[in-house]
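Chemist:
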Amino acid sequence: MRTPSGNRVYGIGAEYPSAASLYEAAKRVRDAGFKRWDVHSPFPIHGMDDAMGLGKSWLSAAVLIGGCTGLLTAALLTFGPSWFIYPLVVHGKPIDWKTVPAFFPIMFELTVLFSAFTAFFAMLIMNGLPRWYHPIFNWDRFSRATNDGFFLVIEARDPRFTEGEAQQLLEQSGGRHITVVHED
Amino acid sequence: MNGATTTVPDVIRGEASSSVEKPLSRVPLVLNKRNFSWITERITGVIEGPAPRWWWVSFAVSTMVAAIGLFCLGYQISTGVGTWGLNHPVGWAWDITNFVFWIGIGHAGTLISAILFLLRQKWRTSINRAAEAMTLFAVICAAIFPGVHVGRVWMAWFMAPLPNNYGIWPNFRSPLLWDVFAVSTYFSVSVLFWYTGLIPDLATLRDRATSKIKKLLYGIFAVGWRGSNRNWRHYEMAYLLLAGLSTPLVLSVHSVVSFDFATSVIPTWHSTIFPPYFVAGAIFGGFAMVLTLLIPARAIYKLHDVITPQHVDKMAKIILLTGSIVSYAYAMEFFVAWYSGNQYEKYAFYNRILGPYWWYWWVGMLFCNFLAPQLFWFKRFRFNVYVVYFVCMCVNAGMWFERFIIIVGGLHRDFLPSSWGMFHPTWVDIWTFVGTFGIFLSLFLLFIRFLPMIAMSEVKIVLPEADPHHASPGEHHVVAAGGKERT
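Which chain is which? The protein sequence lines are A and B, in order. Numbering-wise, the numbering used here comes out as the position in the first sequence, counting from 1, plus 490. Numbering-wise, the numbering used here comes out as the position in the second sequence, counting from 1, plus 2.
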């Protein structure tokens, strides 16, 4: 979709006066059946995931895999050298299962280390970050999204998107400064 | 400083005559009904304004002290560990004391950021950023000491399990190697946790930046954050998981540090109460350092509405609680020494209070760590910043003395009276330790100059209007007699 001036349209956005009004608007947009839309706020709003119809984040599954990898790495790292490559019998500890608890601290630490790195990088990857350019930054009011502004944007890519209907929905839900955001 | 006053919220005063049972109201976490943009303006204002003169003066002094410390490290590395006062029988002294001291300080930051987050303690939001930064800088200072204590620093990579052409591997059953893993994991995870929390605030700084270079730098580190709820969803999960991972991690780190001692045979060291005793001591000393840094920062930048008397009060209570745990451990050590019937153990504790290092115990452990925090039983002392500051200074010093007594007290009179001796620090010992304070303060001053020292996006959540069910004055919500909301 293009504007009369020839710019491609990214979507249509509105600003809301409060977290509460953004929350109510999100429920209406969800119920209207839109799929490609988002809200922007300076802090996470409690209950917004449900208001947008989003489920629980499955980032925890990635972290579980990361943690298991860490545990396995630590097991290989401790058993490999201590039992096979470079067997050491020190402070009376022979090479048998009874002395395995001495490896637990390292297993614990590496489990935590791998889980934490997985949590961080999975968060970035699942959010599509780092992404230093985004069409939404073309909207001059949008810089308030990291200060005290509450925004809702419906993308033009949404199959249900028509400019008239989206604009009407945003107006009815109390949106202000309704703006067509350009792609470039 | 208006630290000595408390505010009664308006809610308590008004409408009390209603016959309806009202829920108990809480003192607000942000005072004077500040709004979102006030928080942004006030906290970014610290960074965006010109550096005040006090900042330049303190930064100059800190970097000079840090430079002295770095010179001492260079001298020690180029000459040898003999420049320190270590000798038989005291082979661990100030170096390991300083290591345990600094790493312990870090624990308060993780406790605030992770454990209090899991416990849904919303007051943590005002202090967690600065406390986590303190953690990182304290761990950097801590890591210096065991690093250079190995003697030939260029061989320090042998601590890592790297395949090498000598075919040598570290001993994975050694607490010293556990320490390498624990401290390096702790630092890495703390950096990730801190940076994850910083991303939304870096985006705020990016959007407010006036010069191109600031926009570029804050922009790069903000990774293109745009406050999208589809992003917040994964972000909040990541933050929760990092908190959940950091919680057992922080408890493990000082436990592992205590294993360095507890698994040995030295009297006063080989004790099973060491892990909880050390963890409680770490949180105790760490909270004192958090207050040491935040009380002046709050006064200088006029942040009393965000770091309120309530915050200081709660931290003082944690100091009292952990101080009591530590004091109990002190008492229990004496009891166990007597009850064990072990003559070396009994002598070591007799020596602790009446031996040549007697005053370290009387001043450091008894007065600073046990008696001084008792003031916090009284509300008016917890609300008096001068008293709080005095107690924190006592605890800062007391925790250093405690580690010194444990380490040197155990070593200097061991099993063979013929090898008894004393520890005498050299000027290199002293100035290296002083130098780490310079490093710590320089890093902290840089932090408050370039990064938001209060987590803006988190403090905004605790404002009433952040609640999606909050009725703003313009929206005609009416609270009926039954407490049900009607629009």
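Ideal Cβ positions, reconstructed from N, Cα and C, are used throughout, including at glycine. Because the structure is a prediction, the values reported are computed rather than measured.
(1) Taking 8 Å as the threshold (C-beta atoms), are residue 389 of chain B and residue 370 of chain B in contact?
(2) Please check the pair residue 524 of chain A and residue 644 of chain A, which I expect to be a contact at CB under 8 Å, by giving their CB distance rounded to whole angstroms.
(3) List, in order along the chain, the chain B residues whose C-beta lies closer than 8 Å to that of residue 605 of chain A?
(4) Excluding the 5 residues flanking residue 171 of chain B on each side, which residues of the same chain have their C-beta closer than 7 Å to its C-beta?
(5) Where do the ends of the alpha helix (DSSP H) carrying residue 259 of chain B lie?
(6) Checking 8 Å against the spacing of the C-beta atoms, do residue 71 of chain B and residue 433 of chain B come in under that value?
(7) Contact between the stretch 172 to 179 of chain B and the stretch 564 to 582 of chain A is defined here as three or more beta-carbon pairs at a separation below 8 Å; is this criterion met?
(8) Using a 10 Å radius around the Cβ and a threshold of 16 neighbouring Cβ atoms, would you call residue 19 of chain B buried or exposed?
(9) Using three-state DSSP, classify residue 380 of chain B as helix, strand or coil.
(10) For the beta strand (DSSP E) that residue 530 of chain A lies in, which residues bound it at each end?
(11) Once the 5 residues before and after residue 511 of chain A are set aside, which same chain residues still bring their CB inside 6 Å of it?
(12) I need the DSSP call for residue 313 of chain B, collapsed to helix, strand or coil.
(13) Report, in whole angstroms, the separation of the C-beta atoms of residue 251 of chain B and residue 191 of chain B, which I expect to be a contact under 8 Å.
(14) Could you check if residue 662 of chain A is buried or exposed, using at least 16 other CB atoms within 10 Å of its CB as the buried criterion?
(15) Should residue 587 of chain A be flagged as near chain B, meaning a C-beta pair shorter than 8 Å?
(16) What first and last residue would you give for the beta strand (DSSP E) that runs through residue 642 of chain A?
(17) CA-CA distance, residue 558 of chain A and residue 255 of chain B?
(18) What do you reckon, are the CB atoms on residue 660 of chain A and residue 504 of chain A nearer than 8 Å?
(19) Counting only runs that start and end within the stretch 193 to 224 of chain B, where is the beta strand (DSSP E) found for 3 or more residues in a row?
(20) Flag residue 238 of chain B as yes if its beta-carbon sits less than 8 Å from any beta-carbon of chain A, otherwise no.
(21) Return the residue from the list A:493, A:633, A:506 and A:502 that minimises the CA-CA distance to residue 669 of chain A.
(22) Taking CB distances under 8 Å as the criterion, tell me whether residue 621 of chain A reaches chain B.
(23) Quick one: residues in its chain with C-beta nearer than 8 Å to the C-beta of residue 265 of chain B, no 5 flanking neighbours on either side, listed in chain order?
(24) Runs of 3 residues minimum, wholly inside the stretch 553 to 639 of chain A: which ones carry the beta strand (DSSP E) assignment?
(25) Can you tell me whether residue 605 of chain A is buried or exposed? The criterion is at least 16 other CB atoms within 10 Å of its CB, across all chains shown.
(26) Using alpha carbons as the reference points, say which of B:108, B:131 and B:392 lies closest to residue 186 of chain B.
(27) Check whether the stretch 408 to 428 of chain B and the stretch 376 to 395 of chain B are in contact - that is, three or more C-beta pairs closer than 8 Å.
(28) Name the one or two DSSP bridge partners that residue 502 of chain A has.
(29) Here's a check: name, in chain order, each residue in its chain whose Cβ is nearer than 6 Å to the Cβ of residue 530 of chain A, leaving out the five neighbours to either side.
(30) Mind listing, in chain order, the continuous alpha helix (DSSP H) runs of no fewer than 4 residues lying wholly within the stretch 331 to 403 of chain B?
(31) How do the stretch 154 to 161 of chain B and the stretch 200 to 208 of chain B stand: do at least 3 beta-carbon pairs fall below 8 Å, yes or no?
(32) Just to confirm, are residue 405 of chain B and residue 102 of chain B a CB contact at a threshold of 8 Å?
(33) Specify the secondary structure class of residue 649 of chain A as computed by DSSP and reduced to three states.
(34) Quick one: does residue 47 of chain B have its CB under 8 Å from some CB of chain A?
(35) Mind listing the chain A neighbours of residue 42 of chain B? Cutoff is C-beta to C-beta under 9 Å, in chain order.
(36) So what's residue 661 of chain A in DSSP terms, helix, strand or just coil?
Modeler: Result, derived from the coordinates:
(1) To locate residue 370 of chain B, count along the second sequence from 1; it is residue 368. To locate residue 389 of chain B, count along the second sequence from 1; it is residue 387. Their beta carbons are not under 8 Å apart, which means residue 370 of chain B does not touch residue 389 of chain B by this criterion.
(2) Locating residue 524 of chain A in the first sequence gives position 34, counting from the first residue. Locating residue 644 of chain A in the first sequence gives position 154, counting from the first residue. The Cβ separation is near 6 Å, so the contact holds.
(3) The residue labelled residue 605 of chain A in the question sits at position 115 within the first sequence. By Cβ distance, chain B contributes 243 and 247.
(4) Residue mapping note: residue 171 of chain B aligns to position 169 of the second sequence, counting from 1. Around residue 171 of chain B: 163.
(5) Numbered from 1 along the second sequence, position 257 holds the residue referred to as residue 259 of chain B. Counting along the chain, the alpha helix (DSSP H) containing residue 259 of chain B begins and ends at 231 to 264.
(6) Mapped onto the second sequence, residue 71 of chain B falls at position 69. Mapped onto the second sequence, residue 433 of chain B falls at position 431. Contact: yes.
(7) yes
(8) For the purposes of this step, residue 19 of chain B is taken as residue 17 along the second sequence, with counting starting at 1. Bear in mind that a pLDDT of 45 at residue 19 of chain B, under 50, signals an unreliable position, so the number given afterwards is only what the model happens to contain. Per the 10 Å Cβ criterion, exposed.
(9) Taking the first residue of the second sequence as 1, we reach residue 380 of chain B at position 378. Three-state result, residue 380 of chain B: coil.
(10) Here residue 530 of chain A refers to the residue found at position 40 of the first sequence. Residues 527 to 530.
(11) The count along the first sequence starts at 1 and reaches residue 511 of chain A at position 21. Result list for residue 511 of chain A: 664, in chain order.
(12) Here the question's residue 313 of chain B lines up with position 311 in the second sequence. In this structure, residue 313 of chain B counts as helix in the three-state DSSP scheme.
(13) For the purposes of this step, residue 251 of chain B is taken as residue 249 along the second sequence, with counting starting at 1. For the purposes of this step, residue 191 of chain B is taken as residue 189 along the second sequence, with counting starting at 1. About 6 Å separates the two Cβ atoms, so the contact holds.
(14) As a first step, residue 662 of chain A must be located in the first sequence, where it is residue number 172. So residue 662 of chain A ends up on the exposed side.
(15) Looking up residue 587 of chain A in the first sequence gives position 97. No, its Cβ sits nowhere closer than 8 Å to a Cβ of chain B.
(16) Taking the first residue of the first sequence as position 1, residue 642 of chain A is located at position 152. Element bounds for residue 642 of chain A: 640 to 645.
(17) In the first sequence, the residue the question calls residue 558 of chain A occupies position 68. In the second sequence, the residue the question calls residue 255 of chain B occupies position 253. Cα to Cα, the separation comes out at about 21 Å.
(18) In the first sequence, residue 660 of chain A corresponds to position 170, counting from 1. In the first sequence, residue 504 of chain A corresponds to position 14, counting from 1. Cβ distance < 8 Å, so residue 660 of chain A and residue 504 of chain A count as in contact.
(19) none
(20) In the second sequence, the residue the question calls residue 238 of chain B occupies position 236. Residue 238 of chain B counts as touching chain A.
(21) Along the first sequence, read from residue 1 onward, the residue named residue 669 of chain A stands at position 179. Residue A:502 is the option with its Cα nearest to residue 669 of chain A.
(22) By one-based count along the first sequence, residue 621 of chain A stands at place 131. Interface residue, yes.
(23) Walking along the second sequence from the start, residue 265 of chain B turns up at place 263. Cβ contact annotation for residue 265 of chain B (same chain, cutoff 8 Å, sequence separation greater than five): 177 and 272, in chain order.
(24) none
(25) Here residue 605 of chain A refers to the residue found at position 115 when the first sequence is read from its first residue. Looking at its Cβ environment, which holds 16 or more other Cβ atoms inside 10 Å, residue 605 of chain A is buried.
(26) Indexing the second sequence from 1 puts residue 186 of chain B at position 184. Residue B:108 is the option with its Cα nearest to residue 186 of chain B.
(27) no
(28) The sequence position of residue 502 of chain A within the first sequence is 12, counting from 1. According to DSSP, which records beta bridges pairwise, residue 502 of chain A is partnered with A:644 and A:670.
(29) Your numbering for residue 530 of chain A matches position 40 in the first sequence. 635 and 641.
(30) Runs of alpha helix (DSSP H) with 4 or more residues, each lying fully within the stretch 331 to 403 of chain B, are found at 345 to 356 and 381 to 384, listed in chain order.
(31) no
(32) What you label residue 405 of chain B is simply residue 403 of the second sequence in a count that begins at 1. What you label residue 102 of chain B is simply residue 100 of the second sequence in a count that begins at 1. Yes, they are a contact pair.
(33) Here residue 649 of chain A refers to the residue found at position 159 when the first sequence is read from its first residue. Correct three-state label for residue 649 of chain A: coil.
(34) Working through the second sequence from its first residue, we reach residue 47 of chain B at position 45. It does not: the Cβ of residue 47 of chain B has no partner Cβ on chain A nearer than 8 Å.
(35) Reading the second sequence from its first residue, position 40 is the one you call residue 42 of chain B. 532, 636, 637 and 638, listed in chain order.
(36) Residue numbering aside, residue 661 of chain A sits at position 171 when the first sequence is read from its first letter. It is helical.
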